Amino acid sequence: MRGKKRAMSTTHWRINIWPIGCSCVSPNDQRLQMLSQMVEEYQVDGVVDVILQACHTYAVESLAIKRHVRQQHNIPYIAIETDYSTSDVGQLSTRVAAFIEML
Numbered sequence: 001m002r003g004k005k006r007a008m009s010t011t012h013w014r015i016n017i018w019p020i021g022c023s024c025v026s027p028n029d030q031r032l033q034m035l036s037q038m039v040e041e042y043q044v045d046g047v048v049d050v051i052l053q054a055c056h057t058y059a060v061e062s063l064a065i066k067r068h069v070r071q072q073h074n075i076p077y078i079a080i081e082t083d084y085s086t087s088d089v090g091q092l093s094t095r096v097a098a099f100i101e102m103l
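1 is the number of the first residue of the sequence shown in the numbering used here; add one for each residue after it.
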């Protein structure tokens, strides 16, 4: 019974108490719903998906995010992958600037 209570409390915590968009913390369906809410609420023109190289769950989910954004909202999407070092600042700046210009 201890394991069942723990699983239920963990799910309750993730869905009701701490509903953030982290691919490790929230259920994937909830993450896509949160993304849709933000797209509609802020009337976004495009989505920039930042993927931390060390976080494999973000990398895996990027395809689902891309599909969702394009199919459900028909808006442009770009994924940028970084390790948060300064070595890729120039490349990322160029890619994001080109994406914004395209919008």
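A virtual CB, placed ideally from N, CA and C, is assigned to each residue, including glycine.
Keep in mind it's a predicted model, so treat the numbers as computed, not measured.
Decide if residue i is buried, meaning its Cβ has at least 16 other Cβ atoms within 10 Å, or exposed.
| i | result |
| --- | --- |
| residue 67 | exposed |
| residue 35 | buried |
| residue 103 | exposed |
| residue 100 | exposed |
| residue 7 | Low local confidence applies: a pLDDT of 49 at residue 7 is under 50, so the model's placement there is unreliable, and no value is given. |
Would you say residue i reaches chain D, if we count a Cβ-Cβ gap shorter than 9 Å as a contact?
| i | result |
| --- | --- |
| residue 36 | You won't find chain D in this structure, because it holds only one protein chain. |
In this structure, how does DSSP classify residue i when only helix, strand and coil are distinguished?
| i | result |
| --- | --- |
| residue 47 | strand |
| residue 79 | strand |
| residue 63 | helix |
As a quick exercise: from the options, pick the residue whose alpha carbon is nearest that of residue i.
| i | options | result |
| --- | --- | --- |
| residue 51 | 40, 75, 24, 73 | 24 |
| residue 82 | 57, 53, 60 | 53 |
Below 8 Å on the Cβ atoms is my contact criterion, and I expect residue i with residue j to pass it. Report the Cβ-Cβ distance as a whole number of Å.
| i | j | result |
| --- | --- | --- |
| residue 80 | residue 44 | 16 Å between Cβ atoms; not a contact. |
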